[in-house]
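Chemist: Please find one structure pasted underneath; my questions will follow.
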Amino acid sequence: MNTMEQHVTDTVWDVVVVGGGMVGATVALGLGQQGMKVLLLERQAVDTTWSDHKPYQVRVSALTRASENVLRNVGAWEGITSRRYHAFTAMHVWDDLSSEKIHFSAQEMGEPNLGYTVENEVIQAALWEQVKACDTIHLVLNPTIKSLRLEEGKARLELEGMGEIQTELLVGADGALSQIRQLAYIGLDTHDYEQCAVVGCVKTELPTEDTCWQRYTQDGPFAYLSMGEHLSSIAWYLPAEKMQWALNLSDQNFAREVSKASDYRLGTVVEVGERAAFPLIRRHAEHYVKSNLALVGDAAHTIHPQAGQGVNLGLLDAAALIETVLAAKLAGKRWGRYSVLRKYERWRRGDNAIVQRSMEAFDWLFKQDSNLKTTFRKGFLPLANRLIPIKNWLMAQTLNGREALPKLATSNIPNVKRNRKH
Ligand SMILES: Cc1cc2nc3c(=O)[nH]c(=O)nc-3n(C[C@H](O)[C@H](O)[C@H](O)COP(=O)(O)OP(=O)(O)OC[C@H]3O[C@@H](n4cnc5c(N)ncnc54)[C@H](O)[C@@H]3O)c2cc1C
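Residue numbering for the sequence shown follows the working numbering, starting at 9 and increasing by one per position.
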């Protein structure tokens, strides 16, 4: 064992975060920047170098204002805007079954935009730039976790080749298939949507008008998320059995099918980039916390991405956990205690469940398999468009997430102290 590895096992870490994705890196930063000793374990190194000529990546997130605030408050927003991002100013949703549509615009809400489309890689690189600059965060790459013990007020992780590490709080931010969730014997409620999402960037004949266009079809929704004048990220939802078909199409046939799926809303697709497809499964951890352990982001929940909420919910988890831990520390309490962590769980689990269930209700409603549903569906968009309270609620969800936002998600907090390496 070298001296650096010795340091990792000799230290009792304030917090150990497993998973340096968008959510885990945010937790590490929010706590590390306030002086807590954080160990971040991540399987894959993240490339923080940048070139404007980098091809557009397949994975893109639509970020809400609340997420923008969280990322600003941990110092990562500048790293995003200096790389690549796009502000969208309108959303337009329509349904094959009715001639009605629903349209939200930033102007109606007195806002500069409704959110941003950003490549996941850009968000992660901007966060990692800050992680590397923070002198209280120690990074270990490619660890192999052998076991977890939660006892005597500590979480103890056994790492292959390194020995045991100890911490007051272990945060599982290791994604949908979370090893930490499994090692902690936390059960999972799951639902298979029997759908897949095909994603990638395309160029279209007509300009995107900085709008996210979403069409409901019999197969499932189709969306163009504006990423530039003629550039969009697509989210094309298909029955699971069509996944291989969509991936195997030639570029020319893919362009033709995507144009059709969008009902030629932006004319034809003239160029396609790399594409990928993901089976869609809702997962919800039965508990988010145990003594000395908390789950955040996809490790705690995954939802249907049609409303683009996954990482937005994860960043709210991160902000809520940061606030809960810092408040406990300030009050002189052990932040790994179950009673402290329950506050975080109560804050976030119900909220995430509501969003999951509303996505499921949409999915159910738009699977056209009964006359009653068809009648209701035909009336839904016209009603939502005309009833101002419903429309305002839908717009607020798009922009901000929800009520009772954690402080980090509400505004740009000036003078956030950041422990930086010199
Ligand atoms: C098709 C699709 C479209 C989507 N669109 C949107 C959108 O528009 N807006 C939105 O908000 N969300 C969207 N989402 C959801 C969003 O991508 C996820 O919610 C988000 O990536 C979750 O981030 P995370 O950091 O929790 O997990 P992850 O991104 O999965 O990160 C987990 C990290 O943990 C690391 N890791 C895993 N295991 C270990 C281990 N044992 N040890 C160390 N490290 C480990 C991994 O390498 C990874 O870096 C979409 C999802 C899909 C499938």
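Beta carbons: idealized from backbone N, C-alpha and C, even for Gly.
Assign H295 to one of three DSSP states: helix, strand, or coil.
Modeler: The residue given as residue 295 occupies position 287 in the sequence shown. Coil, per DSSP.
Chemist: Would you list, in sequence order, the uninterrupted alpha helix (DSSP H) runs of no fewer than 4 residues that lie entirely inside the region 158 to 229?
Modeler: Segments of the alpha helix (DSSP H) lying fully in the region 158 to 229: 187 to 191.
Chemist: Let me know if V24 comes out buried or exposed under the rule of 16 or more other beta-carbons within 10 Å of its beta-carbon.
Modeler: Locating residue 24 in the sequence shown gives position 16, counting from the first residue. Answer is buried; the Cβ neighbour count reaches 16.
Chemist: Using the three-state DSSP reduction, which class does R264 fall into: helix, strand or coil?
Modeler: Taking the first residue of the sequence shown as position 1, residue 264 is located at position 256. Correct three-state label for R264: helix.
Chemist: Return the chain-ordered list of same chain residues with a C-beta closer than 6 Å to the C-beta of E129, the five sequence neighbours on each side being excluded.
Modeler: As a working mapping, residue 129 is identified with position 121 in the sequence shown. Same-chain partners within the cutoff: Q65.
Chemist: So is V26 buried or exposed if we call it buried at 16+ other beta carbons inside 10 Å?
Modeler: The residue labelled residue 26 in the question sits at position 18 within the sequence shown. V26 is buried by the Cβ-count criterion.
Chemist: Quick one: Cα of L165 to Cα of R51, how far?
Modeler: Taking the sequence shown and counting its residues from 1, the one referred to as residue 165 is at position 157. Taking the sequence shown and counting its residues from 1, the one referred to as residue 51 is at position 43. Their backbone Cα atoms lie some 15 Å apart in a straight line.
Chemist: Consult DSSP for V16 and reduce its assignment to one of helix, strand or coil.
Modeler: Here residue 16 refers to the residue found at position 8 of the sequence shown. Residue state, collapsed to three classes: helix.
Chemist: Is there at least one non-hydrogen atom of ligand 1 closer than 8 Å to the beta-carbon of G38?
Modeler: Along the sequence shown, one-based indexing puts residue 38 at 30. No, since every heavy atom of ligand 1 falls outside the 8 Å radius drawn around the Cβ of G38.
Chemist: With a threshold of 8 Å on Cβ separation, who are the neighbours of N423 within its own chain once the five nearest residues in sequence on each side are excluded?
Modeler: Residue numbering aside, residue 423 sits at position 415 when the sequence shown is read from its first letter. Here the model assigns N423 a pLDDT of 46, short of 50, so the residue's position is not dependable and the matter cannot be decided.
Chemist: How do the region 318 to 326 and the region 69 to 83 stand: do at least 3 beta-carbon pairs fall below 8 Å, yes or no?
Modeler: Yes, they touch.
Chemist: Apply the 10 Å Cβ neighbour rule to G195 and answer buried if 16 or more other Cβ atoms are within range, or exposed otherwise.
Modeler: For the purposes of this step, residue 195 is identified with residue 187 of the sequence shown, where counting begins at 1. Its Cβ having fewer than 16 others within 10 Å, G195 is exposed.
Chemist: Can N77 be considered in contact with ligand 1, in the sense that its beta carbon sits closer than 8 Å to one or more heavy atoms?
Modeler: Against the sequence shown, residue 77 aligns to sequence position 69. N77 Cβ: outside cutoff for every heavy atom of ligand 1.
Chemist: Relative to the C-alpha of Y346, which residue among L301, M367, A315, I311 is closest?
Modeler: Here residue 346 refers to the residue found at position 338 of the sequence shown. The shortest C-alpha separation from Y346 is found at L301.
Chemist: Give every residue of the same chain whose Cβ lies closer than 6 Å to the Cβ of H199, excluding the five residues on either side of it in the sequence, and list them in chain order.
Modeler: Stepping through the sequence shown from its first residue, residue 199 is reached at position 191. Once the five neighbours on either side are set aside, the close Cβ partners of H199 are R290.
Chemist: Should the region 26 to 40 be called in touch with the region 170 to 190, which here means at least 3 C-beta pairs below 8 Å?
Modeler: Taking 8 Å as the limit for Cβ pairs, the verdict is that the region 170 to 190 does touch the region 26 to 40.
Chemist: Which residue from W21, T276, T57 puts its Cα closest to that of K140?
Modeler: The residue given as residue 140 occupies position 132 in the sequence shown. If we check each option's Cα against that of K140, T57 comes out closest.
Chemist: Could you give the DSSP three-state label for T310: helix, strand or coil?
Modeler: One-based indexing of the sequence shown puts residue 310 at position 302. If DSSP states are grouped into helix, strand and coil, T310 belongs with the strands.
Chemist: Relative to the C-alpha of R91, which residue among K109, E249, A133 is closest?
Modeler: In the sequence shown, counting from the first residue as 1, residue 91 sits at position 83. Residue A133 is the option with its Cα nearest to R91.
Chemist: List the endpoints of the continuous alpha helix (DSSP H) containing T332.
Modeler: Here residue 332 refers to the residue found at position 324 of the sequence shown. Taken as a continuous stretch (DSSP letters only), the alpha helix (DSSP H) holding T332 covers 318 to 338.
Chemist: I'd like to know whether the C-beta atoms of E127 and R67 end up nearer to each other than 9 Å.
Modeler: Against the sequence shown, residue 127 aligns to sequence position 119. Against the sequence shown, residue 67 aligns to sequence position 59. The answer is yes: Cβ separation under 9 Å.
Chemist: Leaving out five residues before and five after T216 in sequence, what residues of the same chain have Cβ atoms less than 6 Å from its Cβ?
Modeler: Reading the sequence shown from its first residue, position 208 is the one you call residue 216. The answer, listed in chain order, is S234, S240.
Chemist: Would you kindly report the start and end of the unbroken alpha helix (DSSP H) that includes K109?
Modeler: Reading the sequence shown from its first residue, position 101 is the one you call residue 109. Segment 109 to 113 is the beta strand (DSSP E) holding K109; no alpha helix (DSSP H) there.
Chemist: Say the cut is 8 Å; is the CB of L233 nearer than that to a heavy atom of ligand 1?
Modeler: Here residue 233 refers to the residue found at position 225 when the sequence shown is read from its first residue. Correct: L233 has its Cβ closer than 8 Å to ligand 1.
Chemist: Mind reading off the beta-carbon distance from P247 to Q314? Whole number of angstroms is fine, and I expect it under 8 Å.
Modeler: For the purposes of this step, residue 247 is identified with residue 239 of the sequence shown, where counting begins at 1. For the purposes of this step, residue 314 is identified with residue 306 of the sequence shown, where counting begins at 1. Their Cβ separation, rounded to whole angstroms, is 14 Å, which puts P247 and Q314 out of contact at 8 Å.
Chemist: Taking the straight line between their C-alpha atoms, what separation do you get for E137 and Q42?
Modeler: By one-based count along the sequence shown, residue 137 stands at place 129. By one-based count along the sequence shown, residue 42 stands at place 34. Roughly 17 Å between the two C-alpha positions.
Chemist: For a test of the three-state rule: what should DSSP assign to Y272, helix, strand or coil?
Modeler: On the sequence shown, residue 272 is found 264 positions in, with the first residue counted as 1. Correct three-state label for Y272: coil.
Chemist: Mind checking whether L79 and Q203 have CB atoms under 9 Å apart?
Modeler: Along the sequence shown, read from residue 1 onward, the residue named residue 79 stands at position 71. Along the sequence shown, read from residue 1 onward, the residue named residue 203 stands at position 195. Result no, Cβ atoms of L79 and Q203 do not sit closer than 9 Å.
Chemist: Would DSSP call W58 helix, strand or coil?
Modeler: The residue given as residue 58 occupies position 50 in the sequence shown. The answer is coil: DSSP assigns W58 none of H, G, I, E or B.
Chemist: Cα separation between D104 and L158?
Modeler: As a first step, residue 104 must be located in the sequence shown, where it is residue number 96. As a first step, residue 158 must be located in the sequence shown, where it is residue number 150. When rounded, the distance between both Cα atoms is 53 Å.
Chemist: Less than 8 Å between the CB atoms is what I'm expecting for W221 and H100, so what's the real figure, rounded?
Modeler: Counting from 1 along the sequence shown, the entry for residue 221 is found at position 213. Counting from 1 along the sequence shown, the entry for residue 100 is found at position 92. Their Cβ separation, rounded to whole angstroms, is 5 Å, which keeps W221 and H100 in contact under 8 Å.
Chemist: Relative to ligand 1, is the shortest distance from any of its heavy atoms to the C-beta of D359 smaller than 8 Å?
Modeler: One-based indexing of the sequence shown puts residue 359 at position 351. Every heavy atom of ligand 1 is 8 Å or more from the Cβ of D359, so no.
Chemist: According to the Cβ coordinates, are K298 and A205 closer than 9 Å?
Modeler: Position 290 of the sequence shown, counting from 1, holds the residue named residue 298. Position 197 of the sequence shown, counting from 1, holds the residue named residue 205. Their beta carbons are not under 9 Å apart, which means K298 does not touch A205 by this criterion.
Chemist: Alpha carbon to alpha carbon, how far is L274 from K351? Give it in angstroms, no decimals.
Modeler: The count along the sequence shown starts at 1 and reaches residue 351 at position 343. The count along the sequence shown starts at 1 and reaches residue 274 at position 266. Spanning the two alpha carbons is a distance of roughly 46 Å.
Chemist: With distances taken from CA atoms, which of M170, F112, Q317, Y232 is nearest E13?
Modeler: Position 5 of the sequence shown holds residue 13. Checked all of M170, F112, Q317, Y232; the closest Cα to E13 is M170.
Chemist: Return the CA-CA distance between A361 and S106, expressed in angstroms with no decimal places.
Modeler: Along the sequence shown, read from residue 1 onward, the residue named residue 361 stands at position 353. Along the sequence shown, read from residue 1 onward, the residue named residue 106 stands at position 98. The straight-line gap from Cα to Cα measures roughly 30 Å.
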